[in-house]
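Beneath this line is the structure, given in structure tokens, with notes to follow.
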Amino acid sequence: MVPIKDKVLIVDDEPDVLESTALLIEALGYQAIRLSEPAEILETVEQEQPGILLQDLKMPGLNVAGLVAALRLNPRTAEVPLVFFSAGGDLPTTAARYDAWGYLAKPFGKEELARLLNQVLGAPAKRTGPWQGRDMQREVRSVFHDYWNLLAALSNYILILDRAKGLSAEAQKSVRGLDEIILKLESKTDRLSAYIMALVGSLEPVPTATATATTRGSRTGEGEGGGSAGRLSGPGRGPGGPGAGSSPGPGGRLSGPGRPSVDDDHTPTA
Numbered sequence: 065m066v067p068i069k070d071k072v073l074i075v076d077d078e079p080d081v082l083e084s085t086a087l088l089i090e091a092l093g094y095q096a097i098r099l100s101e102p103a104e105i106l107e108t109v110e111q112e113q114p115g116i117l118l119q120d121l122k123m124p125g126l127n128v129a130g131l132v133a134a135l136r137l138n139p140r141t142a143e144v145p146l147v148f149f150s151a152g153g154d155l156p157t158t159a160a161r162y163d164a165w166g167y168l169a170k171p172f173g174k175e176e177l178a179r180l181l182n183q184v185l186g187a188p189a190k191r192t193g194p195w196q197g198r199d200m201q202r203e204v205r206s207v208f209h210d211y212w213n214l215l216a217a218l219s220n221y222i223l224i225l226d227r228a229k230g231l232s233a234e235a236q237k238s239v240r241g242l243d244e245i246i247l248k249l250e251s252k253t254d255r256l257s258a259y260i261m262a263l264v265g266s267l268e269p270v271p272t273a274t275a276t277a278t279t280r281g282s283r284t285g286e287g288e289g290g291g292s293a294g295r296l297s298g299p300g301r302g303p304g305g306p307g308a309g310s311s312p313g314p315g316g317r318l319s320g321p322g323r324p325s326v327d328d329d330h331t332p333t334a
């Protein structure tokens, strides 16, 4: 089964990271599929057939060895490029261990993400008309407007409960706890809205990265240039078919001697 180009499956259990990264992917011209549950990864990959799986390593309940083995044993998912992303310092080592297509270190910027997607998927499909940043900004405002309405409704319910008579001391403590949670959500929502609007407003055309072939099984590019992205090459990996590779450095690829064993139950920390 050939993966569908322009479709990106992003898996992360942090809602802010998941949504902001997905919006950025969409703004770059690709389709973004959001997923936050490790248990649903295999089924979603098989059904959606994404052109790339962007997988966060630091997720509760995630067994990396089991996930990689299951993906490669299934003919419908074996050819989907797997890219790890995390804030952990051992990210390149973990990516090499499981012969992932590549990795992306958090926090990453628009250029790193665009370069990676271009290398894996190629340039996004041409739009029927020029993309307008204002259209995306209106969509973002609409989403956050609905979210703010929900928070306002919750605040009203908390106010009613707080004024209710006859509440036990434990119930009053719970009401105050809910009120504090809502205040935190409002603060996080405000910051996330500003962050996404800034991302949308700063989007500009990203130069197309030029990929060059690397020798199959050779070691290149790991940690070179201080880049936050890397790529692991080996038999049958990469967008160009078996043996395809690209230049080292940021957005480049670390080549390795083939696919390592994933029979152990070790789940690396991110």
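Numbered according to this note's numbering, the sequence shown spans residues 65 to 334. The beta carbon of each residue, even a glycine, is placed where N, CA and C say it ideally should be. All of these numbers come straight from a predicted model, not from anything done at the bench.
Coil, strand or helix - residue i by DSSP
i	result
residue 70	strand
residue 84	helix
residue 113	coil
residue 144	coil
residue 150	strand
residue 256	helix
residue 243	helix
residue 99	strand
residue 118	strand
Residue i classed as buried or exposed, judged by whether at least 16 other C-beta atoms fall within 10 angstroms
i	result
residue 158	buried
residue 179	buried
residue 275	For residue 275, the predicted structure reports a pLDDT of 37, less than 50, and the residue's modelled location is therefore unreliable. A value from the coordinates is still provided. So residue 275 counts as buried.
residue 210	exposed
residue 135	buried
residue 139	exposed
residue 254	exposed
residue 235	exposed
residue 73	buried
Nearest to residue i (by Cα), restricted to the options the options
i	options	result
residue 243	219, 262, 252	219
residue 117	99, 175, 257	99
residue 111	252, 154, 144	144
residue 119	260, 240, 105	105
residue 246	78, 212, 235, 74	212
residue 93	182, 203, 250	182
residue 127	101, 201, 208	101
residue 147	129, 80, 168	168
residue 88	203, 233, 248, 124	203
residue 114	161, 173, 71, 241	71
residue 155	170, 141, 142	170
Cβ-based neighbour list, residue i, same chain, cut-off 8 Å, excluding 5 preceding and 5 following
i	result
residue 228	none
residue 239	222, 225, 226, 231
residue 84	256, 259, 260, 263
Sequence-distant residues of its chain with Cβ nearer than 7 Å to residue i (five each side left out)
i	result
residue 90	96
residue 250	215
Own chain, CB closer than 6 Å to residue i, minus 5 neighbours either side, in chain order
i	result
residue 76	82, 120
residue 108	99
residue 142	136
What are the complete beta strand (DSSP E) segments, minimum 3 residues, inside the region 160-240?
-> 166-169
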